[in-house]
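The numbers in our numbering rise by one with no breaks, and the one at position 129 of the sequence shown is 129. Ideal Cβ placement from N, Cα and C applies to all residues, glycine included.
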Amino acid sequence: MMLHKEDGQEAVRKRMVTEQIERRGIQAPRILEAFRKVKRHEFIGEDFKSQAYEDHPVEIGFHQTVSQPYIVACMIQMVDLQAGDKVLEIGTGSGYQTALLSELSQSVYTVEIFKELSLIAQSKLKAAGYLHIHFKIGDGAEGWKEHAPYNAIIVSAAALTIPAALIEQMALGGRMVIPVGEAGEVQNLMLVRKDQKAHVTTQPMELVRFVPLRPSR
Ligand code: SAH
């Protein structure tokens, strides 16, 4: 029988899902399955790999972090991802959440402002077998107009206000989750919905702490 090098981490990852995600109320089997599958440690650099499955954000370089697993799960639950959805992610970062999104929906577009982070994430995602993700390097506040509209948008950095371009690029019936507030303080994780008549509503869901959505360089 072949022993996979991976096996040691699988137990830790399952425990992360049970203790940090399922026990806190996220129960959708599809979401839990995706979190059991994606190897979070592969998206974290050597220096912080030992913290990969801990219950907090982890450094990924350039003063950025990959969010705490539970927060990633909350955001994914809030946008209610369906298999046929087209999803836009702002802040590729480590690529960890990108991998989860691509387990859960068929069409994933992701924008990152730091070229270096995007390139590392691209190579990790390819190595992990995720071949159908579309990457852009640029300012996520502008969204990615060419491929709009999106059924779901997940913004992984805090904005002072919800960028108008992102609201425009939501499909009818679309959902967006975005942390809104000052960087360095607690922000409101907002759920934005656009109904079939293009009427937009926003609703605060959780208090969170995210790195800022940076102005374009
Ligand atoms: N989802 C990521 C979270 C990374 S943290 C993960 O799973 O690792 C937020 C990311 O947003 C960082 O990588 C940061 O560089 C990026 N970011 C910040 N401002 C941005 C902007 N204006 N446009 C696109 N990405 C941005």
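C-alpha of Val58 to C-alpha of Ser50: approximately 10 Å in a straight line. By the C-beta criterion, the segment 179–190 is judged not to be in contact with the segment 80–89, since fewer than 3 inter-stretch pairs fall below 8 Å. The DSSP-derived three-state label of Ile162 is coil.
If you compare the alpha carbons of Tyr70, Pro149, Ala141 and Pro212 with that of Val108, the shortest gap goes to Pro149.
Around the CB of Val79, 16 or more other CB atoms lie within 10 Å, so the residue is classed as buried. In this structure, Phe62 has its beta carbon less than 7 Å from a heavy atom of the ligand SAH. For the ligand SAH, a non-hydrogen atom lies closer than 7 Å to the CB of Ile90. Between the segment 202–213 and the segment 170–184 there are three or more C-beta pairs closer than 8 Å, enough to call the two in contact. Taking C-beta atoms as the reference points, Ile44 and Val72 fail to come closer than 8 Å. Gln64 is positioned such that its CB atom lies no closer than 8 Å to that of His56. Apart from sequence neighbours up to five positions away, the residues of its chain that approach Ile137 with a beta-carbon distance below 7 Å are Glu112, Lys115 and Ser118, ordered along the chain. Residue environment for Pro179: buried (at least 16 other C-beta atoms within 10 angstroms of its C-beta). Here Pro179 is bridged, per DSSP, to Leu189. Under the three-state reduction of DSSP output, Ala152 falls in the strand class. Here the segment 124–133 lies against the segment 91–111, with 3 or more beta-carbon pairs under 8 Å apart. Rounded to the nearest whole angstrom, the C-alpha separation of Leu125 and Ser105 is 15 Å.
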